[in-house]
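Position 65 of the sequence shown, counting from 1, maps to 956 under our numbering, and the rest follow consecutively.
Backbone N, C-alpha and C define an ideal beta-carbon position, used for all residues, glycine too.
A quick note: this is a predicted structure, and the numbers were derived from the prediction, not measured.
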Amino acid sequence: MRKALLNELDAARQLLQIPDADFRPLPFTTDWHKLEERIYHSFYHIEGKARPVWLWESFKHQTQSLQLKVLSLAILHHLIPLDETVWLMAYDGSNFFFYEGKVTVIQRIIPELTYIMDEYYLISKKFEWLLCENHHDILIGTGSFAIQQLRDFAQQFPELVISTYPS
């Protein structure tokens, strides 16, 4: 599975002619394990070396969730500043892969994949907030910025929202 997701992300990037400045895998010099650990400790209840199967079930801070009538991917540009570079943490069912890019580019790349990700995460590079779409198509945010953005979206576009939690 590992190669399938990586190959598709790279193929989509090439097909769409997206420059590295807008979307790229984190360099091989990145200490991926250290980055992943910092994400875990910033956003999740973690005990020892054990890791939850579904990260979205283990947030340690308050969350806000939306179930939408449209794909969550379609609204991300309403939630994340267009000029902000974020980390994309893509999950293939057994591994996480890290990219960085702009939200509008991520919105273009993910639909090009035939590989279905179990879940994906968009993470502030300052570790201030995180957005996740899980395999139930629920968009979940943690961190005050993400929570407020989801609440504001639900108020501004109620016709697109099936449910919110907490309501």
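By the three-class DSSP mapping on this structure, what secondary structure does residue i have?
i: SER1054; result: strand
i: PHE1048; result: coil
i: SER985; result: coil
i: GLU899; result: helix
i: GLN953; result: coil
i: LEU907; result: coil
i: LYS960; result: coil
i: LEU1022; result: strand
i: LYS940; result: coil
CB-CB under 7 Å to residue i, same chain, minus the five flanking residues each way: which ones, in chain order?
i: ARG999; result: LEU907
i: SER933; result: PHE1018
i: TYR982; result: MET1008, ASP1009, GLU1010 and TYR1011
Which residues in the same chain as residue i place their Cβ atom closer than 6 Å to its Cβ, once the five residues preceding and following it in sequence are excluded?
i: ILE997; result: LEU979
i: PRO916; result: TYR990
For the alpha helix (DSSP H) that residue i lies in, which residues bound it at each end?
i: SER1015; result: Unbroken run through SER1015 is the beta strand (DSSP E), 1010-1015; no alpha helix (DSSP H).
i: LEU970; result: 967-970
What residue range is occupied by the uninterrupted beta strand (DSSP E) comprising residue i?
i: ILE1029; result: 1029-1033
i: TRP978; result: 976-982
i: LYS925; result: From DSSP, LYS925 is part of no beta strand (DSSP E) but of the alpha helix (DSSP H) over 923-934.
i: LEU917; result: No beta strand (DSSP E) contains LEU917, which DSSP labels as neither H nor E.
i: GLU948; result: Unbroken run through GLU948: none, as it is neither H nor E.
Who are the near neighbours of residue i in its chain, counting only those whose CB is closer than 8 Å to its CB and skipping five residues on each side?
i: GLN953; result: THR1033 and ILE1038
i: THR1005; result: GLU899
i: PHE1036; result: SER1015, GLU1019 and TRP1020
i: VAL977; result: ILE971, GLU991, GLY992, LYS993, VAL994, ILE997, LEU1013, ILE1014, SER1015 and LYS1016
Measuring only from the beta carbon, is residue i closer than 6 Å to any heavy atom that is part of the ligand GTP?
i: LEU907; result: The ligand GTP is absent from the structure shown, which contains no ligand whatsoever.
Determine, using beta carbons only, whether residue i comes closer than 7 Å to chain C.
i: ALA895; result: The chain inventory of the structure shown lacks chain C, comprising one protein chain alone.
Original post:
Any contact of the region 900-907 with the region 950-968, i.e. 3+ C-beta pairs under 8 Å?
Top reply: Touching, no, given that fewer than three Cβ pairs across the two stretches are closer than 8 Å.
**OP:** Count the CB pairs spanning the region 909-925 and the region 1005-1012 that are closer than 8 Å, and state whether there are at least three.
**Re:** Proximity of the region 909-925 to the region 1005-1012 falls short of the contact definition, fewer than three beta-carbon pairs being nearer than 8 Å.
Original post:
Counting pairs of Cβ atoms below 8 Å between the region 983-998 and the region 1032-1040, do you hit three or more?
Top reply: No: fewer than three Cβ pairs fall under 8 Å.
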